[in-house]
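A.B. asks: Could you have a look at this structure, given as structure tokens, before my questions?
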Amino acid sequence: MRRGFDTDEYKARLTRAQTAMAEAGLGALLLTTEPEVRYFTGFLTRFWESPSRPWYLVVPAFGDPIAVIPSIGAALMGQTWISDIRTWAAPNPTDDGVTLLADTLRQIGGPVGVPSGAETVLRMPLADFDRMKTLAEVGFCGDAGIVAALRAVKSEAEIAKIRHICGISGRAFARVPEIAGVGVPLSRVFRDFQRLLLEEGADWVPYLAGGAGPFGYEDVISPARDAPLRAGDMLMLDTGAVWDGYFCDFDRNFAIGPVNDACVEAHERLLEAANAGLKAAQPGALACDVFAAMAALVGAGETAGRLGHGLGMQLTEGLSLTKHDQTILRPGMVITLEPGLELRPGQWLVHEENIVIREGGAEKLSDWAQKLPQV
Numbered sequence: 000m001r002r003g004f005d006t007d008e009y010k011a012r013l014t015r016a017q018t019a020m021a022e023a024g025l026g027a028l029l030l031t032t033e034p035e036v037r038y039f040t041g042f043l044t045r046f047w048e049s050p051s052r053p054w055y056l057v058v059p060a061f062g063d064p065i066a067v068i069p070s071i072g073a074a075l076m077g078q079t080w081i082s083d084i085r086t087w088a089a090p091n092p093t094d095d096g097v098t099l100l101a102d103t104l105r106q107i108g109g110p111v112g113v114p115s116g117a118e119t120v121l122r123m124p125l126a127d128f129d130r131m132k133t134l135a136e137v138g139f140c141g142d143a144g145i146v147a148a149l150r151a152v153k154s155e156a157e158i159a160k161i162r163h164i165c166g167i168s169g170r171a172f173a174r175v176p177e178i179a180g181v182g183v184p185l186s187r188v189f190r191d192f193q194r195l196l197l198e199e200g201a202d203w204v205p206y207l208a209g210g211a212g213p214f215g216y217e218d219v220i221s222p223a224r225d226a227p228l229r230a231g232d233m234l235m236l237d238t239g240a241v242w243d244g245y246f247c248d249f250d251r252n253f254a255i256g257p258v259n260d261a262c263v264e265a266h267e268r269l270l271e272a273a274n275a276g277l278k279a280a281q282p283g284a285l286a287c288d289v290f291a292a293m294a295a296l297v298g299a300g301e302t303a304g305r306l307g308h309g310l311g312m313q314l315t316e317g318l319s320l321t322k323h324d325q326t327i328l329r330p331g332m333v334i335t336l337e338p339g340l341e342l343r344p345g346q347w348l349v350h351e352e353n354i355v356i357r358e359g360g361a362e363k364l365s366d367w368a369q370k371l372p373q374v
């Protein structure tokens, strides 16, 4: 599997953005977060974990993007297709790229669109943003949802990367019997499962959650406890592993020895609900339609929360499978299906798979779970 993208991939993204910008009357886009910058440039680094420095990308209405970044990133940005790279020595507490960015925006002209919908953030100090707006002498507004809409529909090259990391994680899940069993602390299972993911080819594992108990688990976001697994427990591992900057996000449940019939039956119903979501995930359907198809089977009805979400450069992005979300499904959208069942008050089983919307019906990206495996 080849890393990175051809330059044509980025130019196609730019063309779609600039077409939408013309329709919205925008002179430029100002992007400040890792996935936004990477989407248009291919600039992939874990240095974003350091919050000391801001990073900026300006997408003009005409011409190629302009990177306005700390000098420490110049060499890596120079390996991308971006040729106009403007730098300053950062951190600089008196002028941390503010003047350089303002000069760039004044040169390009406005109005300048800034992503401002759900799940967006402005990754720069508020005082610097206010000062930059004054210096740039251009108008600012929202980006009319342009960046989110572009990222929601994946290219075949993007889908291939998500399929690849799903395959890596599927192989790691198949090896769980090597690391889990009666008496093994859940915290050790978590550590060993991350090791398996790396051994199978993941670049890193930013997200891992799960739980264990005789009738499921209390939530699906907790870190691992040191308590050992017991005979009759249901074990769940939920991973968001990354390969070449793209996530998978699916889970698997395991029986620690024989488990009660209620857990087996619930697991079967969750698989049935995921299949119902798969069938409902057709082009032109609404996100709420897919929610309804699964909720009808897991008994959640109108009270259920999100039963899935968008997936790609981030663990969760874009649409939510809820009763409220009216997003129209389009070919190329990658989403998760995540039905859950409450077996007892406060005790849940959750199942998750990854799919991509296709003209002829959704395609499975994760290796679809079958019967409940026992370890």
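Numbering-wise (numbering that gives the first Met the number 0), the sequence shown opens with residue 0 and increments by one.
Using N, Cα and C, we set each Cβ at its ideal position, and we do this for glycine too.
Treat the numbers as computed from the prediction; the structure is a model and nothing was measured.
1) With a cut-off of 8 angstroms, does the C-beta of Arg130 fall near any C-beta of chain B?
2) Count the other CB atoms within 10 Å of the CB of Ala275; is the residue buried (16 or more) or exposed (fewer)?
3) Alpha carbon to alpha carbon, how far is Pro50 from Met123? Give it in angstroms, no decimals.
4) Measuring only the C-alpha atoms, how far is Thr315 from Gly309?
5) Return the chain-ordered ranges of every alpha helix (DSSP H) run that is complete within the region 266-306 and spans a minimum of 4 residues.
6) Cα-Cα, which of Gly231, Ala254 and Ala151 is closest to Ser319?
7) Looking only at its own chain, which residues have a Cβ that is under 7 angstroms from the Cβ of Asp232, when we skip the five neighbours before and after it?
8) Between Leu285, Ala273, Gly283 and Pro282, which lies nearest to Ala294 when the distance is taken from Cα to Cα?
9) Work out the CA separation of Thr321 and Gly118 for me, nearest whole Å.
10) Thinking just about the alpha-carbon of each residue, which of Leu99, Ala173 and Val263 is nearest to the one in Thr365?
11) Decide if Phe4 is buried, meaning its Cβ has at least 16 other Cβ atoms within 10 Å, or exposed.
12) Can you give me the C-alpha to C-alpha distance between Ala223 and Ala135, rounded to a whole angstrom?
13) Assuming Ile145 and Ala16 are in contact, meaning their beta carbons sit under 8 angstroms apart, how far apart are those beta carbons, in whole angstroms?
14) Taking the C-alpha atoms as reference points, what is the distance between Asp191 and Val374?
15) Taking the alpha helix (DSSP H) that Pro210 falls in, what are its first and last residues?
16) If you draw a straight line from the alpha carbon of Thr14 to that of Asp324, how long is it in whole angstroms?
17) So, is Gln369 buried or exposed, given that buried needs 16 or more other C-beta atoms within 10 angstroms?
18) CB Arg85 to CB Ile65, shorter than 8 angstroms?
19) Hey, would you say Val120 sits closer than 8 angstroms to Thr32, going by beta carbons?
20) Leaving out five residues on either side along the sequence, give the residues of the same chain with a beta carbon under 6 angstroms from the beta carbon of Gly339.
21) Grab me the residues of Leu196's own chain with a C-beta within less than 6 angstroms of its C-beta, minus the 5 sequence neighbours each way, in chain order.
22) Using three-state DSSP, classify Trp47 as helix, strand or coil.
23) So for Asp260, helix, strand or coil by DSSP?
24) Taking the alpha-carbon of Ala89 as reference, which of Arg229, Gln78, Thr79 and Ala73 has the nearest alpha-carbon?
25) Leaving out five residues on either side along the sequence, give the residues of the same chain with a beta carbon under 8 angstroms from the beta carbon of Leu296.
26) Can you check DSSP and say which residues form a bridge with His308?
27) Kindly confirm or deny that the region 147-167 and the region 177-189 touch, where touching means at least three C-beta pairs closer than 8 angstroms.
28) Go ahead and label Ile380 buried or exposed: buried means 16 or more other beta carbons lie within 10 angstroms of its beta carbon, across all protein chains shown.
29) Can you find the residues in the same chain that come closer than 7 angstroms, C-beta to C-beta, to Gly95, ignoring five residues on each side of it along the sequence?
30) Considering only C-alpha positions, which residue in the set Ala143, Gln78, Tyr245 and Arg37 is nearest to Ile167?
31) Quick check: the Cα distance between Gly360 and Ile354, rounded to an integer number of angstroms?
32) What residue range is occupied by the uninterrupted beta strand (DSSP E) comprising Cys165?
C.D. replies: Here's the rundown:
1) Given the protein chain composition of this structure (a single chain), no chain B is represented.
2) Stepping through the sequence shown from its first residue, residue 275 is reached at position 276. Counting Cβ neighbours within 10 Å, Ala275 comes out buried, since at least 16 surround it.
3) Within the sequence shown, the letter at position 124 stands for residue 123. Within the sequence shown, the letter at position 51 stands for residue 50. Spanning the two alpha carbons is a distance of roughly 10 angstroms.
4) Here the question's residue 315 lines up with position 316 in the sequence shown. Here the question's residue 309 lines up with position 310 in the sequence shown. Each residue's alpha carbon lies about 6 angstroms from the other.
5) 286-297
6) Position 320 of the sequence shown, counted from the start, is the residue given in the question as residue 319. Taking only the C-alpha atoms, the option nearest Ser319 is Ala151.
7) For this step, residue 232 is matched to residue 233 along the sequence shown. Closer than 7 angstroms at Cβ, skipping near neighbours: Ala211, Gly212, Pro213 and Ile255.
8) The count along the sequence shown starts at 1 and reaches residue 294 at position 295. That would be Ala273, whose Cα lies nearest to the Cα of Ala294.
9) Within the sequence shown, residue 118 is the residue found at index 119, counting from 1. Within the sequence shown, residue 321 is the residue found at index 322, counting from 1. Checking the sequence shown, residue 118 turns out to be Glu, not Gly. Glu118 and Thr321: Cα-Cα distance of roughly 16 angstroms.
10) Here residue 365 refers to the residue found at position 366 of the sequence shown. According to the sequence provided, residue 365 is Ser. The question's Thr does not apply to it. Cα-wise, what sits closest to Ser365 is Ala173.
11) For the purposes of this step, residue 4 is identified with residue 5 of the sequence shown, where counting begins at 1. Under this definition Phe4 is a buried residue.
12) The sequence position of residue 223 within the sequence shown is 224, counting from 1. The sequence position of residue 135 within the sequence shown is 136, counting from 1. For Ala223 and Ala135, the distance between alpha carbons rounds to 48 angstroms.
13) On the sequence shown, position 146 is the one that residue 145 refers to. On the sequence shown, position 17 is the one that residue 16 refers to. Yes, they are in contact, since the Cβ atoms of Ile145 and Ala16 sit about 6 angstroms apart, within 8 angstroms.
14) Position 192 of the sequence shown, counted from the first residue, corresponds to residue 191. Position 375 of the sequence shown, counted from the first residue, corresponds to residue 374. So the two alpha carbons sit approximately 15 angstroms from each other.
15) Position 211 of the sequence shown holds residue 210. According to the sequence provided, residue 210 is Gly. The question's Pro does not apply to it. No alpha helix (DSSP H) holds Gly210; the beta strand (DSSP E) holding it covers Trp203 to Gly212.
16) As a first step, residue 14 must be located in the sequence shown, where it is residue number 15. As a first step, residue 324 must be located in the sequence shown, where it is residue number 325. Each residue's Cα considered, the two are about 28 angstroms apart.
17) Locating residue 369 in the sequence shown gives position 370, counting from the first residue. Exposed, by the Cβ-count rule.
18) Along the sequence shown, read from residue 1 onward, the residue named residue 85 stands at position 86. Along the sequence shown, read from residue 1 onward, the residue named residue 65 stands at position 66. Cβ atoms of Arg85 and Ile65: closer than 8 angstroms.
19) Position 121 of the sequence shown, counting from 1, holds the residue named residue 120. Position 33 of the sequence shown, counting from 1, holds the residue named residue 32. Contact: yes.
20) Sequence index remark: in the sequence shown, residue 339 carries index 340 (1-based). These residues qualify, in order along the chain: Trp347 and Val349.
21) Position 197 of the sequence shown, counted from the start, is the residue given in the question as residue 196. Answer for Leu196: Ala171, Val204 and Ala240, listed in chain order.
22) Stepping through the sequence shown from its first residue, residue 47 is reached at position 48. Note: Trp47 maps to helix in three-state DSSP.
23) Taking the first residue of the sequence shown as 1, we reach residue 260 at position 261. Three-state DSSP puts Asp260 in a helix.
24) Position 90 of the sequence shown, counting from 1, holds the residue named residue 89. When each option's Cα is compared against that of Ala89, the closest is Ala73.
25) Here residue 296 refers to the residue found at position 297 when the sequence shown is read from its first residue. Taken in chain order, the residues that qualify are Arg268, Glu271, Ala272, Ala275 and Pro338.
26) Position 309 of the sequence shown, counted from the start, is the residue given in the question as residue 308. DSSP output for His308 lists Ser319 as bridge partner(s).
27) no
28) The displayed coordinates of the chain run from 0 to 374. Any statement about residue 380 would go beyond what the structure contains.
29) Looking up residue 95 in the sequence shown gives position 96. Reading off the sequence shown, one finds Asp at residue 95, where the question assumed Gly. Excluding positions up to five away in sequence, the list reads Pro53, Ala89 and Asp127.
30) One-based indexing of the sequence shown puts residue 167 at position 168. Nearest option by C-alpha distance: Tyr245.
31) Taking the sequence shown and counting its residues from 1, one reaches residue 360 at position 361. Taking the sequence shown and counting its residues from 1, one reaches residue 354 at position 355. Cα to Cα, the separation comes out at about 10 angstroms.
32) The residue labelled residue 165 in the question sits at position 166 within the sequence shown. Note, Cys165: premise wrong, no beta strand (DSSP E); alpha helix (DSSP H) at Glu155 to Ala173.
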